[in-house]
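Basically this note's numbering = 1-based index in the sequence shown + 170.
Cβ atoms here follow ideal geometry from the backbone N, Cα and C, with glycine treated the same way.
Keep in mind the model is a prediction, meaning the values are calculated, not measured.
All remarks here apply to the structure that follows.
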Amino acid sequence: MAQTDREKGYRGITTFVIEKGAPGFEHGVKEDKLGIRSSDTCSLHFNKTPVPAENIVWEAGKGFNFAMDTLNGGRIGIAAQALGIASASLDAAINYSKQRKAFGHPIKDFQAIQFKIADMAMNLEAARLLTYRAAMLKDDHQKFVKEAAMAKLFASKVAVHNALEAIQIHGGYGYVREYLVERYLRDAKITEIYEGTSEVQHIVIARELLKD
Ligand SMILES: Cc1cc2nc3c(=O)[nH]c(=O)nc-3n(C[C@H](O)[C@H](O)[C@H](O)COP(=O)(O)OP(=O)(O)OC[C@H]3O[C@@H](n4cnc5c(N)ncnc54)[C@H](O)[C@@H]3O)c2cc1C
Numbered sequence: 171m172a173q174t175d176r177e178k179g180y181r182g183i184t185t186f187v188i189e190k191g192a193p194g195f196e197h198g199v200k201e202d203k204l205g206i207r208s209s210d211t212c213s214l215h216f217n218k219t220p221v222p223a224e225n226i227v228w229e230a231g232k233g234f235n236f237a238m239d240t241l242n243g244g245r246i247g248i249a250a251q252a253l254g255i256a257s258a259s260l261d262a263a264i265n266y267s268k269q270r271k272a273f274g275h276p277i278k279d280f281q282a283i284q285f286k287i288a289d290m291a292m293n294l295e296a297a298r299l300l301t302y303r304a305a306m307l308k309d310d311h312q313k314f315v316k317e318a319a320m321a322k323l324f325a326s327k328v329a330v331h332n333a334l335e336a337i338q339i340h341g342g343y344g345y346v347r348e349y350l351v352e353r354y355l356r357d358a359k360i361t362e363i364y365e366g367t368s369e370v371q372h373i374v375i376a377r378e379l380l381k382d
């Protein structure tokens with residue numbers, strides 16, 4: 171996306187397709203990330219790259235709308251990503267709590283562990299319902315901006331919380347790479363950042379609720 175008419179502000183942004191190998195188009199170095207390390211991330215650099223008119227997506231000046239549409243729908247996808255991590259964290263916590271014995275009992279027998287697992291499962295189900303509702307509204311061509319923001323905000327919070335609780339239930343093993351739960355936490359964090367941060371989701375939800 172590029173500003174094609176500076177005077178028009180956000181109405182002067184246009185979306186293009188630029189093919190790999192286009193003159194002046196290079197990518198930066200691979201970023202060294204906290205999580206989602208199996209998905210490469212790098213910046214893209216364009217230096218006087220010529221773009222034919224037929225490579226305009228939608229129409230000139232509609233880039234901002236295109237970005238907003240993409241983000242709104244994408245938030246449901248990020249909520250679903252967060253659900254997967256939250257669910258894997260719960261499964262890992264349940265499995266480990268059955269295996270690990272402390273003071274002569276599997277730790278699943280301790281109420282402190284049971285309550286953590288119950289909360290993880292409850293939050294996961296609530297996040298799942300929010301996510302499915304947003305997806306159903308979108309599929310049904312109904313308004314879904316607020317619902318997608320709610321799903322993404324809540325599901326990402328649950329993913330981070332469940333991953334943290336899974337680590338806690340694993341004790342010291344939760345902190346080492348031999349077990350997967352430390353990876354779940356690192357992978358969960360990005361869901362609170364990309365496709366709009368959690369702070370931005372609050373803004374979107376409030377704006378939808380308060381508009382005249
Ligand atoms: C691994 C990774 C992959 C990414 N992939 C993509 C991609 O494919 N496409 C793409 O376009 N982008 C991508 N991004 C960018 C990502 O969407 C942004 O990093 C994210 O939206 C946050 O924007 P920012 O980094 O500019 O943070 P900033 O806007 O600088 O925000 C910094 C802090 O200030 C807060 N803040 C900002 N404005 C407000 C406000 N008005 N009120 C309250 N708080 C505010 C933010 O919530 C945040 O806590 C990716 C980022 C990462 C890390």
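- Close CB contacts of S368 within its chain, under the 8 Å cut and outside five residues either way in sequence, are with L323, S326, K327 and E362 (chain order).
- When distances are taken from the beta-carbon of T361 to the heavy atoms of ligand 1, even the shortest one reaches 8 Å or more.
- In the DSSP annotation of this structure, the continuous segment of the alpha helix (DSSP H) that includes T301 starts and ends at Q281 to D309.
- Contact between S259 and A333 holds, with the beta-carbon distance rounding to 5 Å and staying under 8 Å.
- Residues of the same chain with a CB within less than 8 Å of the CB of T211, apart from the 5 flanking positions on each side, are K200, E201 and K203 in chain order.
- Annotation: the region 224–255 contains no complete segment of the beta strand (DSSP E) (minimum length 3 residues).
- For L204, the secondary structure class from DSSP, reduced to helix, strand or coil, is coil.
- Taking 8 Å as the cut-off, the C-beta of E229 does not count as close to any heavy atom of ligand 1.
- Here the distance from the Cβ of S213 to the nearest heavy atom of ligand 1 is not below 8 Å.
- E196 sits in a strand when the DSSP states are folded into three classes.
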